[in-house]
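Top to bottom, those sequences are chains S and G. Read in my numbering, the first sequence has 200 at position 200, and its numbers run on one by one without any break. For any residue, its number in my numbering is found by taking its place in the second sequence, counting from 1, and adding 1000. The beta-carbon is built from N, C-alpha and C at its ideal position, and this holds for glycine as well. Bear in mind that the values here come from a model prediction, so they are computed numbers and not experimental data. For reference, the structure is listed below as structure tokens.
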Amino acid sequence: MKERLQQLQQEALDKIAQASDLKALNEVRVAYLGKKGPITEVLRGMGALSPEERPVMGALVNEVREAIQTALEAKQAKLEQEEVEKKLAAEAIDVTLPGRAVRRGNHHPLTRVIEEIEDLFIGMGYTIAEGPEVEKDYYNFEALNLPKGHPARDMQDSFYITEEILLRTHTSPVQARTMEKHQGRGPVKIICPGKVYRRDNDDATHSHQFTQIEGLVVDENIRMSDLKGTLREFARKMFGADREIRFRPSFFPFTEPSVEVDVSCFNCGGHGCNVCKGTGWIEILGAGMVHPNVLEMAGFDSKKYTGFAFGMGPERIAMLKYGIDDIRHFYQNDVRFLQQFNRV
Amino acid sequence: MFVSYKWLQEYVDLTGITAKELADRITKSGIEVESVEVLNKGAQGVVIGHVVEREPHPNADKLSKCLVDIGEGEPVQIICGAPNVAQGQKVAVAKVGAVLPGNFKIKRAKLRGEESNGMICSLQELGIESKLVPKEYADGIFVFPSDAAVGADALELLNLDDEVLELGLTPNRADCLSMIGVAYEVAAILGRGVKLPAVELRENGENVRDYISVRVDAQNDNPLYAGRIVKNVKIGPSPLWMQARLMAAGIRPHNNVVDITNYILLEYGQPLHAFDYDRLGSKEILVRRAKAGETIVTLDDVERTLTEEHLVITNGAEPVALAGVMGGANSEVQNDTTTVFIESAYFASPVIRQAVKDHGLRSEASTRFEKGIDPARTKEALDRAAALMAEYAGGEVAGGVVEVNTWQPKEVVVTITLDRINQVLGTAITKDEVANILTNLQFAFTEDNGTFTITVPSRRRDIAIEEDIIEEVARLYGYDNLPATLPIAEATPGKLTPYQAKRRKVRRYLEDAGLLQAITYSLTNEAKAPMFALEAAAPIRLALPMSEERSVLRQSLVPHLLEAASYNRARQVENVALYETGSVYLASGEHELPNEKERLAGVLTGVWHAHLWQGEKKAVDFYVVKGILDGLFALLGLEKRIEYKQAKREHLHPGRTADILLDGKTIGFVGQLHPVVQKEFDLKETYVFELALADVLNADVEEIRYAAIPRFPSIARDIALVVDEHVVAGDVQKAIVAAGGELLKDVAIFDVYKGDRLPEGKKSIAFALRYYDPERTLTDEEVTAVHEQVIKAVEQQFGATLRG
Ligand SMILES: [Zn+2]
Chain S
1 MKERLQQLQQ
11 EALDKIAQAS
21 DLKALNEVRV
31 AYLGKKGPIT
41 EVLRGMGALS
51 PEERPVMGAL
61 VNEVREAIQT
71 ALEAKQAKLE
81 QEEVEKKLAA
91 EAIDVTLPGR
101 AVRRGNHHPL
111 TRVIEEIEDL
121 FIGMGYTIAE
131 GPEVEKDYYN
141 FEALNLPKGH
151 PARDMQDSFY
161 ITEEILLRTH
171 TSPVQARTME
181 KHQGRGPVKI
191 ICPGKVYRRD
201 NDDATHSHQF
211 TQIEGLVVDE
221 NIRMSDLKGT
231 LREFARKMFG
241 ADREIRFRPS
251 FFPFTEPSVE
261 VDVSCFNCGG
271 HGCNVCKGTG
281 WIEILGAGMV
291 HPNVLEMAGF
301 DSKKYTGFAF
311 GMGPERIAML
321 KYGIDDIRHF
331 YQNDVRFLQQ
341 FNRV
Chain G
1001 MFVSYKWLQE
1011 YVDLTGITAK
1021 ELADRITKSG
1031 IEVESVEVLN
1041 KGAQGVVIGH
1051 VVEREPHPNA
1061 DKLSKCLVDI
1071 GEGEPVQIIC
1081 GAPNVAQGQK
1091 VAVAKVGAVL
1101 PGNFKIKRAK
1111 LRGEESNGMI
1121 CSLQELGIES
1131 KLVPKEYADG
1141 IFVFPSDAAV
1151 GADALELLNL
1161 DDEVLELGLT
1171 PNRADCLSMI
1181 GVAYEVAAIL
1191 GRGVKLPAVE
1201 LRENGENVRD
1211 YISVRVDAQN
1221 DNPLYAGRIV
1231 KNVKIGPSPL
1241 WMQARLMAAG
1251 IRPHNNVVDI
1261 TNYILLEYGQ
1271 PLHAFDYDRL
1281 GSKEILVRRA
1291 KAGETIVTLD
1301 DVERTLTEEH
1311 LVITNGAEPV
1321 ALAGVMGGAN
1331 SEVQNDTTTV
1341 FIESAYFASP
1351 VIRQAVKDHG
1361 LRSEASTRFE
1371 KGIDPARTKE
1381 ALDRAAALMA
1391 EYAGGEVAGG
1401 VVEVNTWQPK
1411 EVVVTITLDR
1421 INQVLGTAIT
1431 KDEVANILTN
1441 LQFAFTEDNG
1451 TFTITVPSRR
1461 RDIAIEEDII
1471 EEVARLYGYD
1481 NLPATLPIAE
1491 ATPGKLTPYQ
1501 AKRRKVRRYL
1511 EDAGLLQAIT
1521 YSLTNEAKAP
1531 MFALEAAAPI
1541 RLALPMSEER
1551 SVLRQSLVPH
1561 LLEAASYNRA
1571 RQVENVALYE
1581 TGSVYLASGE
1591 HELPNEKERL
1601 AGVLTGVWHA
1611 HLWQGEKKAV
1621 DFYVVKGILD
1631 GLFALLGLEK
1641 RIEYKQAKRE
1651 HLHPGRTADI
1661 LLDGKTIGFV
1671 GQLHPVVQKE
1681 FDLKETYVFE
1691 LALADVLNAD
1701 VEEIRYAAIP
1711 RFPSIARDIA
1721 LVVDEHVVAG
1731 DVQKAIVAAG
1741 GELLKDVAIF
1751 DVYKGDRLPE
1761 GKKSIAFALR
1771 YYDPERTLTD
1781 EEVTAVHEQV
1791 IKAVEQQFGA
1801 TLRG
């Protein structure tokens, strides 16, 4: 009997090992552990044993059962896992196929530059002032120390609508209007971005419509050194921490003294390259101390108040920053151009 | 202004400073030197040769065979192609081994079988611009004065070993439109003195008044008029050095008399005019405004019709010059001229500017008058011109000057304290440093306890107030020495206005929704200006447009966005989605500024979304655009206050256009482009929208307030309603919402059907309704009661039936 049990166990374990799927395994289970299986049969035959032999034999039967059961479970787990793996293998996809694209648009490059500059100055306590693009001659010229017949009016050939109304040639009239609103009391601290217009033929470097950003600070005790410090701060935030700036004397009717402001070349760091035309410096801004006539016309006491103003061209900055070679790109709205500014 | 480095040395000691260094110093102190040009452009080895013999080339009609003495032993044979080469001439010879501009090396050559040992040069070949070469040598070689020494360096004789600084002058620095003015500037920068030209004038025993008298009838235009008579002049070439200096300054030499007037113009900044005295036709000069319709033929042989706004020099009867701009042909100095009347005058700039503008004539003279000359130099310049004519044209100067002088020099005195200078600049400049700068500028001043009282010389018309002095001090002190500080002031909060902040969010939303930001021109043509305008307005036209295409201000952003779409389509970019924020300009009366209103507009065409390998491809349609706008209104918290109303608008599809209303007021539109317009712009199916941005951004919106998250389940009910095909879904939905009351949480349309399975003229719209009570779980009976009210309402209002 004992031999019979041992033989059965060996047979069952062999069949379990051979079972290649869950169905075959189940057949093994039914065949050996089922009610009509050989082990049950052995149990039935136990009645013929002596009382001393019975518990010994009973223990042996259980041992065999457990051994078969354990083998069955282990094999079952293995087969199940194989089955899952097979199924998943069949579900494989080609991960290299393109994803469902999310359509994205983006800022115009000029907006990109303008917002960056705005945010920079907002961080320094400035607010953004806007004003009309169609402007009175008074605000565009006269309030800025450019009376009728002033020779510098030649410098900015303008689009007039009537004798007194024109398309603004710079964003400076917004400064004049803002100062006027302050009724002679400081501080004024503004950035004025916007579109401006001049009678130029459109070509690679000229556009009859373009944008400008100007800044104005008026308060008691504003010094020209403050202008230098402010613009240096701006240049470093905009073009890199190790930028330097340099002032060159210049002339604008609405500032005195007036300067052109160069920033050390962000491309070569000042050694000279084709971006800076070998000079190491790039002219970025015009600036100066607000002319006393301008302060007085806007209602500020020029003995008590001083101020500085500066202006720059987002087109120029964008052209330098991104290497754009033709100003007309900004206004043609070629999708293949605009889309190039679609990332950080 | 072109400044010859060598010429400048006559007025300022430039020892130890190269032209390049000088240019840097000038630029740093305020006048931009745009270029420094070496005149010889690398040429070398060009000497004076004497043409000993000249005969025709045996094998070529147009060539000459010359024997030229170049001071190196036997004369050499040179073949020359210039028509004017002749025996006896002194000419410029580029020897074998010489280099001409452009790195052109001269080699021994055979020309049509004849040996040529060098080249006889024209001025152009030596690097001088054609327009500057004296007319008689324009088409041939240049002939040097007969006293030029054989073998001498021709480039040096032509002053081509010089360097020229080109100054880019701002309008305030007209004082530097003269060599003497530049000399003062350079002297101030270098801290060296100025040597003014010595005028040694010898007059004969005659009295100028016996020749001519002067009257000025327009003293505001002409505060000072002075003249001299020089007789017995012999017209001929001016000395070579003078011609060379003129050419270096960009002026073409003519003859000795004219060259001298131009030379003085460059030296003093004082324009002069030389009249042929015998051709004046009278013994008087009358300066007056022109009579309307009066004419003059100017030196360029153009007849010009004048108005009362122009100033003329007359002989008492008729004009002989357009004052300050150009002389008349009738009194021009010619080869037979023997007596010259030299005019040196101060004309006020407005009258000159008018003439320049009206006649399109800008000359070296008019430019200086326009910008303002120094009248204190007017008479000295006259004397110097007369002296030079005596010296270089063999003339005799009659005694005295005829003049009308009503000019009253205004003494400009500026008082400023050292403290003020330092306060404005943020510097700590000392009293001595300021004094030193003023001394170098040659400004007369006194100083008392830190207060400077400065008398500004008349040559510096740009200086009148404290700030002008501060600028002079700053630029000569050096901006590099200016410290960098930040304003000491109370901190101001920097931020965007709510409008600006929202506008940025709107832009970002549209970009994230898939649109590219465009920026288009504000100026358009008359036809496009009013297209798509939300509000009708009269066109605003430029007084003087540059082209018809850019002559009128736009009233809508849509036309130029369509142009952009069209531009892209012409370049095979078919799928375009652009938006723009910008102003439109609505006229509000002739003397008023127009109403400028900010708009938001977009254009969408082509494929909106494609994911081809999974079979997805969606073209832009009305609902794509509407969906984007819905999202925008939701972003701004306005979705419940917005309504779309079927509308008809010019240039848009009559069946596929909606007006957009906010709180019942039209604030924009969205629609498909009318096929006719679509064709005009060469586009395919295209959708556009435009919104009055300010109305949208300025609408008051409540702050966000938290609402409890649903705790109880909601109950969903779907209904499909059959209605007349003209009934619009929006109206039915509104009725459902009204009837559903508080319990109806939301309504969504999930199907619209029209076709065979419904009677003709009918359609079905399916709605998904969701009922919810925040306080409790609704029972089926409660929901059914409300739901039946909803069905009743749509039955009554639209004759709707439930679809079986
Ligand atoms: Zn560089």
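Scanning the region 1310-1375 of chain G from its first residue to its last, the whole beta strand (DSSP E) runs of 3-plus residues come out as 1311-1314, 1319-1322 and 1340-1346. The closest CA to that of K1597(G), considering only I1667(G), L1111(G) and L1562(G), is found on I1667(G). Between W1613(G) and the set G269(S), R328(S), T162(S) and R100(S), the nearest pair of CA atoms involves R100(S). Exclusion of the five residues before and after L1510(G) leaves Y1579 as the residues of its chain whose Cβ lies within less than 6 Å of its Cβ. Looking at the DSSP output, P1253(G) shares a beta bridge with no other residue. Taking 8 Å as the CB threshold, T1427(G) lines the interface with chain S. Listed along chain S is no residue with a C-beta nearer than 9 Å to that of T1524(G); the closest approach is about 11 Å. Using a cutoff of 7 Å, the CB of V263(S) does not count as near ligand 1, since none of the ligand's heavy atoms is closer than that. In terms of Cα proximity to R199(S), the closest of V174(S), Y160(S), R177(S) and Q183(S) is Y160(S).
DSSP lists V1047(G) as the bridge partner or partners of D1153(G).
Put simply, the CB of Y305(S) is far from chain G, with every gap to its CB atoms at 8 Å or more. Sequence-distant Cβ neighbours of N106(S) in its own chain, meaning closer than 6 Å and more than five residues away, are F341 and N342. Nearest to I1128(G) by alpha-carbon distance, out of K1379(G), I1342(G) and A1248(G), is A1248(G). Exclusion of N221(S) from the 7 Å shell around ligand 1 follows from its C-beta lying no nearer than that to any non-hydrogen atom of the ligand. For N1222(G) against A1323(G), the beta-carbon gap comes to about 7 Å, under 8 Å, which counts as contact. Between K228(S) and chain G, the shortest Cβ-Cβ separation is below 8 Å. Taking 3 residues as the shortest admissible run, the region 1762-1792 of chain G contains the following complete beta strand (DSSP E) segments, listed from N- to C-terminal end: 1762-1771.
For N1568(G), the C-beta contacts it makes with chain S under 7 Å involve D334 and V335, in order along the chain. For I1212(G), no alpha helix (DSSP H) segment is defined, and its DSSP state is neither H nor E. Not flagged as an interface residue toward chain G: S172(S), since no C-beta distance is shorter than 8 Å. Contact annotation for M1247(G) against chain S: no contact, minimum CB-CB distance about 28 Å [criterion: below 8 Å]. Taking 7 Å as the cut-off, one finds no heavy atom of ligand 1 near enough to the beta carbon of G323(S). The Cβ of P249(S) sits closer than 8 Å to at least one Cβ of chain G. Listed along chain G are A1491, T1492, P1493 and G1494, each with a C-beta nearer than 7 Å to that of G125(S). A direct Cα-to-Cα measurement between V196(S) and Y1477(G) gives close to 35 Å. Bridge partners of F310(S) according to DSSP: G215(S) and A287(S). The C-beta of V134(S) comes closer than 8 Å to at least one C-beta of chain G.
D1147(G) sits exposed, since fewer than 16 C-beta atoms from the chains shown fall within 10 Å of its C-beta. A check of alpha carbon separations from S1588(G) across R1649(G), E1535(G), A1543(G) and E1703(G) identifies E1535(G) as the nearest.
Here V218(S) is not near G311(S), since their CB atoms are 8 Å or more apart. By the Cβ test, the region 185-194 of chain S is in contact with the region 1475-1495 of chain G, since at least three Cβ pairs between them sit closer than 8 Å.
Secondary structure at Q209(S): strand, using DSSP grouped into helix, strand and coil.
Separation of the CB atoms of Y1521(G) and H1560(G) is rounded to 6 Å, and the pair is thereby assigned contact status at 8 Å.
Within chain G, no residue has its CB atom less than 9 Å from the CB of K237(S), the nearest being about 13 Å off. With a cutoff of 7 Å, G240(S) does not count as near ligand 1, since its C-beta is closer than that to no heavy atom of the ligand. Here S1331(G) is near R1279(G), since their CB atoms are less than 8 Å apart.
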